[in-house]
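*Asks:* Quick note on numbering: UniProt numbering labels position 18 of the sequence shown as 18, and the sequence is numbered without any gaps. Backbone N, C-alpha and C fix where the C-beta goes; we use that ideal spot for every residue, glycine too. Could you have a look at this structure, given as structure tokens, before my questions?
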Amino acid sequence: MKKRKRSSETAIELSARYPFPTTYGDHFETPRRAYADLAGVLRCAAVERGVSPAAFRIYDPFYCEGACVAHLASLGFHDVQNPCEDFYASEAWRGIVDFDLLCSNPPYSGDHKEKILNFALACGRPWALLLPAYVVEKSYFPQCGAFFLKPRRDYAFDHPHGAGSDEAPFVAIWVVHLGPRTDHLYATLRSPFKLRDLPALVATKAVRGTKRPSPRQRNRRRHQTAGLMCV
């Protein structure tokens, strides 16, 4: 019987395929359904830009397996940049903007989420980021008037080695911002998934609506509860 490779071996093999540092648990591809839910936003943004969807330049700075190019092409968006390079060493990161809209499902480990949000605000272009819903309650989340797209069914993400479960342990939502035209686009967008603000998102139970205690606070609360049970 052929032995199954250990996760450490597959992680090394996977990281060797990329010219930049990677984390094994970050290699999850965005499903086509997520892009289909976003397609209405992208078409409206293309109209605002004055170009056809096929000529609308979309940039995804985080490369996984390149599936985003095929998924977006199947929806009519044929100018998608998803280079296999280190985003933090790229021209885009240095401020050379050559795209119409930033669209990405960034790595969720480390500080990637905070970094891509900062980049999105600084790049001066419309953006749509697929993020865990809990991010909107983080202190680093910008109060910029973005709106959200929350799917009726949670997205399932695919790993190259089949790692992880079929369902993500969190709710993933699109966070969308189109500069001064955000309110106008939201009003005209025909989508059953759109939510204008945090209270609307809280109403769906995708987030708690209250700040989550820190690990230290949660640990202290557990000890306090254990102490009460022993009395």
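For V175, which of Q81, Y155, W127 and V80 has the nearest alpha-carbon?
*Replies:* As a first step, residue 175 is located in the sequence shown; it is residue number 175 there, counting from the start. Nearest of Q81, Y155, W127 and V80 to V175, Cα basis: W127.
*Asks:* Enumerated in chain order, which unbroken segments of the alpha helix (DSSP H) with a length of 4 residues or greater are wholly contained in the stretch 183 to 212?
*Replies:* If we require 4 residues or more, the alpha helix (DSSP H) runs fully inside the stretch 183 to 212 come out as 198 to 203.
*Asks:* Please say whether A156 and L131 have beta carbons closer to each other than 8 Å?
*Replies:* Counting from 1 along the sequence shown, the entry for residue 131 is found at position 131. Counting from 1 along the sequence shown, the entry for residue 156 is found at position 156. No, they are not a contact pair.
*Asks:* State the DSSP-derived secondary structure class of S90, mapped to helix, strand or coil.
*Replies:* On the sequence shown, position 90 is the one that residue 90 refers to. DSSP places S90 in coil when its eight states are reduced to three.
*Asks:* State the Cα-Cα distance for the pair K113 and P107, rounded to the nearest angstrom.
*Replies:* Here residue 113 refers to the residue found at position 113 when the sequence shown is read from its first residue. Here residue 107 refers to the residue found at position 107 when the sequence shown is read from its first residue. Whole-angstrom Cα-Cα distance: 7 Å.
*Asks:* Going by DSSP, what residues sit across from H177 in a beta bridge?
*Replies:* Taking the first residue of the sequence shown as 1, we reach residue 177 at position 177. Looking at the DSSP assignment, H177 forms a beta bridge with W127.
*Asks:* Since I believe N82 is in contact with D60 (beta carbons under 8 Å), could you give me their beta-carbon distance rounded to a whole number of angstroms?
*Replies:* If you number the sequence shown from 1, residue 60 lands on position 60. If you number the sequence shown from 1, residue 82 lands on position 82. Yes, they are in contact, since the Cβ atoms of D60 and N82 sit about 4 Å apart, within 8 Å.
*Asks:* Whose C-beta lies closer than 8 Å to the C-beta of F141 among residues of the same chain, with five residues either side of it excluded?
*Replies:* As a position in the sequence shown, residue 141 is number 141, starting the count at 1. Excluding residues within five positions, the ones whose Cβ falls inside 8 Å are L117 and V135.
*Asks:* Apply the 10 Å Cβ neighbour rule to R125 and answer buried if 16 or more other Cβ atoms are within range, or exposed otherwise.
*Replies:* Here residue 125 is taken as the residue at index 125 of the sequence shown, counted from 1. Buried is the call here.
*Asks:* In the DSSP assignment, find the unbroken alpha helix (DSSP H) run with D154 in it and report its ends.
*Replies:* Position 154 of the sequence shown, counting from 1, holds the residue named residue 154. First-last for D154: undefined, no H or E at that position.
*Asks:* Can you list, in chain order, the residues of its chain with a C-beta nearer than 6 Å to that of R57? Leave out the 5 residues immediately preceding and following it.
*Replies:* Locating residue 57 in the sequence shown gives position 57, where the first residue counts as 1. Hits under 6 Å: D79, F99 and D100.
*Asks:* Let me know if L228 comes out buried or exposed under the rule of 16 or more other beta-carbons within 10 Å of its beta-carbon.
*Replies:* Working through the sequence shown from its first residue, we reach residue 228 at position 228. Caution applies to L228, whose pLDDT of 42 falls short of 50 and renders its modelled position unreliable; the model cannot decide the point.
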